[in-house]
Structure formats: structure tokens, C-alpha cells
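For what it's worth, UniProt numbering labels the leading residue of the sequence shown as 1, then goes sequentially. Before any comments, here is the structure.
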Amino acid sequence: MTARIFKPSKGATMSGTARTKQWMLVFDHDGSRHVEPLMGWTSTSDTKQQLRLAFDSKEEAIAYCSRNGIPFRVDEPREATRKTIAYADNFKYNRTMPWTH
């Protein structure tokens, strides 16, 4: 079972950067899922997929996996590109597209 180390991205409704500074370690799904006959819920016997470990740095997460013999892969975060646009740009003389309602 391999583990994935990543830095969580900011949600669509978040304006701040809370919960995006730590690195997370999540185990990949390994076991097959089956339907329980009594209730009809989908379940699995693999309990490692419920674990989410948080670390302050990527190096700490890698060291944890190395100490415990867990194979891992690291997903590097992509930085968001910010476009700075002023409201006055809507009324510029040299706009590329005409401004209409």
C-alpha cells in the first residue's frame, strides 16, 4: 500500500490560507469494496484509507514513511497564478473586447 504526500489546496469558498500550510499523508485505496448484504452500504476491510496524518513539513512526512517502511509518492503543490485586474480596466479605451451588458 503506497502513501501519498501532498499539500492540500485551498477550497473554492475559502478566502484565507487556513489548513493549507501543513503537508498531509494519505494512504491509497488498496482493498476492494463490496456491498453489505444487510444495509446495502458499500464497505471495505481496509482501514488505512481512513487515516489522514498531518505534518509541518514535507521532510517530516518523508522521514515518517522511511522510518516505518511505507512506500510513498510526493505530489508537489502548484502555486496559484494571480491576475491583478482593476475595476477601471473595464472602461479602458483600448480594450480587446467591447464592453456591453
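Glycine residues also receive a C-beta, built at the ideal position from the N, C-alpha and C atoms. Just so it is clear, the structure is predicted and the values come from calculations on it, not from any experiment.
In whole angstroms, what separates the C-alpha of residue i from that of residue j?
i           : j     : result
Glu76       : Lys48 : 23 Å
Cys65       : Arg33 : 26 Å
residue 111 : Thr81 : Outside the modelled stretch of the chain, which goes from 1 to 101, sits residue 111, for which no answer is possible.
Met97       : Gly16 : 32 Å
Tyr87       : Arg95 : 13 Å
Could you check what DSSP says for residue i in three-state terms: helix, strand or coil?
i           : result
Ala88       : helix
residue 121 : Outside the displayed span of the chain (1 to 101) sits residue 121, for which this structure offers no information.
Arg19       : coil
Please list, in chain order, all residues of the same chain as residue i whose beta carbon is under 6 Å from its beta carbon, the five residues on each side excluded.
i     : result
Phe72 : Ala3, Ile5 and Cys65
Grab me the residues of residue i's own chain with a C-beta within less than 7 Å of its C-beta, minus the 5 sequence neighbours each way, in chain order.
i     : result
Ile70 : Ala3
Ala54 : Gln22 and Met24
Lys10 : Thr17 and Thr20
Whose C-beta lies closer than 8 Å to the C-beta of residue i among residues of the same chain, with five residues either side of it excluded?
i     : result
Glu60 : Trp23
Q | Entirely enclosed alpha helix (DSSP H) segments - the segment 30-83, minimum 4 residues | A | 58-68
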